[in-house]
Amino acid sequence: MGTIDLGTARVEARGEVGYVFMKHPRFLNAEDDETRGPLETAIDLVLLHPRLKMGVLRGDPVDHPKYAGRRIFSSGLNLTQLYHGKISYLFYLVRDLGLVHKLYRGLALEPHSLDGAETTLEKPWMAVVDGFAIGGGCQILLVVDYVIAAKGSYFNLPARKEGIIPGAANLRLPRFMGERMARQAILFDRSFQVDEPDARMLVNEVHPPEEIDEAVERAVANALGSGMVSASGNRKALRVQLEPLDTFRRYMATYAREQAYCHLSDQLIVNLERHWRARSRTL
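What follows is the structure, encoded as C-alpha cells:
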C-alpha cells in the first residue's frame, strides 16, 4: 500500500484500487481554487498508475462542529470563498474540463477529432457518499460508474439559490432522472434522500453507515473479479450514444457564456445573503 498526501486530497493505493479522499475539513470538503488542483492530480495519479485498475472517491472526516469526526462526501462549492470573491470564474471551467472530465473520459493518449474514435486511458470509478453530496459533489455522481451511499445521506443541486449553473449537471442529470425531475432538482431546489425510490436512479447501493466499508470492499472485489480488460471499451461505447464529445463541447460553449453572467451578477451576492446567511461567514 502506498499513500500520497496532496494537502486537500489524499491518495491510497490498496492492491489494484486507488482510493482518492477529498479533505477540506473546515469547509465540509467543499471545493474551491485551493482544492481543485490537488484533487485533479490525485485523479491523474490513479489513472496513470500501471497497477491500479479502478478508483474509489470518498470524503475524509471533517472537523465542523455539527459533523466533527464524521466522513462527508462533499458540500459542493465553497460558498464562503465565493461570497468573499475568492472563487475565480475560471474555476468552473477548469474544474469541468479537468477533474470531472477525467473521471468521465480519462486521459487522451493522442489528439483526436470531435467526431472520431476516442483514444483514452480511463478506468472505472466508484463514489462513496457519506452524509451528503451537495452541488459539485452531486455533479461527480453523474460521471462515475457506481455509487454506494450511507443510509440517511442525501444529494441535491442548490445552484439556483446560489445564483450559478451547476456545472454539466444540466446536460447529464436528465439522462438519469428524466427532464421533469431534473428541472425539479435544478430549478426548484428538490433534494433527494438516498433511501427514496427516485434517488435510486443515481445511487446503486444504500447501506447503514456502519456497513459502508464492507459494502465498498464487496463492490470492489466484484468489479475486479469480473475482469477489467473491457472496462475502458465499454465506457467509450456507452459515451458514443450518451454524450459524444461534440455534445459536451457545445454544452460547455453555452455554459461558459451563461456562467460568466451568473458569476459576475450582483444577484449572486443577494442570493448568498438571502439563502445562506453569507454576511455571518468568515474566511
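Numbering (the working numbering), first residue to last: 222 to 504.
The C-beta atom is built at its ideal place from N, Cα and C for all residues, glycine as well.
Note that the coordinates shown come from a computational prediction; the quantities given were computed from them, not determined experimentally.
Rounded to whole angstroms, what's the CA-CA distance from Ile-407 to Ala-371? Just pull it up for me.
Stepping through the sequence shown from its first residue, residue 407 is reached at position 186. Stepping through the sequence shown from its first residue, residue 371 is reached at position 150. Answer to the nearest angstrom: the Cα atoms are 23 Å apart.
What whole-angstrom Cβ distance do His-508 and Ile-369 have, given they're in contact under 8 Å?
In the structure as shown, the chain starts at 222 and stops at 504, and residue 508 therefore has no counterpart that could be examined.
Please determine if the segment 403 to 417 and the segment 242 to 257 are in contact, where contact requires at least 3 C-beta pairs separated by less than 8 Å.
The segment 403 to 417, when compared against the segment 242 to 257, does not touch it at the 8 Å Cβ threshold.
Here's the rule I'm using: 16 or more other beta-carbon atoms within 10 Å means buried, otherwise exposed. How should Ile-385 be labelled?
Working through the sequence shown from its first residue, we reach residue 385 at position 164. Its Cβ being crowded by 16 or more others within 10 Å, Ile-385 is buried.
Using DSSP's beta-bridge definition, name the partner residues of Met-243.
Position 22 of the sequence shown, counted from the start, is the residue given in the question as residue 243. Paired residues: Ala-230 and Gly-280.
Quick one: give me the first and last residue of the beta strand (DSSP E) that Pro-250 is part of.
Position 29 of the sequence shown, counted from the start, is the residue given in the question as residue 250. Here the sequence assigns Asn to residue 250, which means Pro is not the residue at that position. Where Asn-250 is concerned, there is no enclosing beta strand (DSSP E), given that its DSSP letter is neither H nor E.
On a CA-only basis, which of Met-275, Ala-436, Leu-300 and Leu-227 is nearest Leu-249? Give me that one, please.
Along the sequence shown, one-based indexing puts residue 249 at 28. When only C-alpha atoms are compared, the closest one is Leu-300.
Let me make sure I understand the geometry here. Which of Ala-380, Pro-395 and Val-350 has the alpha-carbon closest to that of Tyr-463?
Here residue 463 refers to the residue found at position 242 of the sequence shown. Contrary to the premise, residue 463 reads as Leu rather than Tyr in this sequence. Checked all of Ala-380, Pro-395 and Val-350; the closest Cα to Leu-463 is Pro-395.
Within 10 Å of its beta-carbon, does Pro-387 have 16 or more other beta-carbons around it, so buried, or fewer, so exposed?
Looking up residue 387 in the sequence shown gives position 166. Under this definition Pro-387 is a buried residue.
What does a CB cutoff of less than 6 Å around Leu-266 pick up in its chain, not counting 5 residues either side in sequence?
What you label residue 266 is simply residue 45 of the sequence shown in a count that begins at 1. Counting only Cβ-Cβ distances below 6 Å, and skipping sequence neighbours, we find Val-232.
Can you tell me where the beta strand (DSSP E) with Tyr-367 in it begins and where it stops?
Stepping through the sequence shown from its first residue, residue 367 is reached at position 146. First-last of the beta strand (DSSP E) with Tyr-367: 367 to 371.
According to DSSP, is Ile-293 helix, strand or coil?
Taking the first residue of the sequence shown as 1, we reach residue 293 at position 72. Coil, per DSSP.
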